[in-house]
Amino acid sequence: MASSHQTPHFHNEIGVPTIRVGVREFMCTGALPPFDHPHTFIDMGDSDDAVCPYCSTRYLHDGSLGHGCEPASCEYRPDTAP
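The sequence shown lines up with residues 262 to 343 when you count with this note's numbering.
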């Protein structure tokens, strides 16, 4: 299955206070496995921001990022993880 058909996943392994994302529906994993929290589905709806209830990472919507995020290193692809 191509990753473009999956819900994007983002993590905050680097510990930034805010991650900008190009989508309004995604999964937050907290950190990278094995230190991740339960993968939490976040739906921003009409809002431009959301906070993960587990790790308190703030996500801001930026449509110019497509399906990606900034910092780019916060994207997690479970289909390519070791």
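Backbone N, C-alpha and C fix where the C-beta goes; we use that ideal spot for every residue, glycine too.
Note that the structure is a prediction, hence the values are computed from the model and not measured.
Exercise for the section: State buried or exposed for Gly-276, treating a residue as buried only when at least 16 other CB atoms are found within 10 Å of its CB. Expected result: Position 15 of the sequence shown, counted from the first residue, corresponds to residue 276. Classification for Gly-276: exposed.
Exercise for the section: Taking all protein chains shown into account, decide if Glu-286 is buried (16 or more other Cβ within 10 angstroms of its Cβ) or exposed. Expected result: Looking up residue 286 in the sequence shown gives position 25. Exposed: under 16 other Cβ atoms inside 10 Å.
Handout entry: Cα-Cα separation, Ser-265 to Gly-324
Key = Against the sequence shown, residue 265 aligns to sequence position 4. Against the sequence shown, residue 324 aligns to sequence position 63. Note that Ser-265 scores 48 on pLDDT, short of 50, meaning its location in the model is unreliable; the coordinates nonetheless yield the value given after this. Approximately 16 Å between the Cα atoms of the pair.
Problem - Exposed unless 16 or more other CB atoms sit within 10 angstroms - verdict on Thr-279 - result: Here the question's residue 279 lines up with position 18 in the sequence shown. Classification for Thr-279: exposed.
Exercise for the section: Look at the alpha carbon of Gly-283 and the alpha carbon of Gly-327, and state the distance between them as a whole number of angstroms. Expected result: On the sequence shown, position 22 is the one that residue 283 refers to. On the sequence shown, position 66 is the one that residue 327 refers to. Approximately 5 Å between the Cα atoms of the pair.
Problem - Three-way DSSP call (helix, strand, coil) for Cys-330 in this model - result: In the sequence shown, counting from the first residue as 1, residue 330 sits at position 69. Cys-330 falls in the strand class under three-state DSSP.
Problem - Beta-carbon proximity of Thr-301 to Tyr-315, cut-off 9 Å - result: As a position in the sequence shown, residue 301 is number 40, starting the count at 1. As a position in the sequence shown, residue 315 is number 54, starting the count at 1. Yes, the pair counts as a contact, with Cβ atoms nearer than the cut-off.
Problem - Selection from Asn-273, Ile-303, Pro-332 that minimises the alpha carbon distance to Phe-296 - result: Within the sequence shown, numbered from 1, the residue matching residue 296 stands at position 35. Ranking Asn-273, Ile-303, Pro-332 by Cα distance to Phe-296 puts Asn-273 first.
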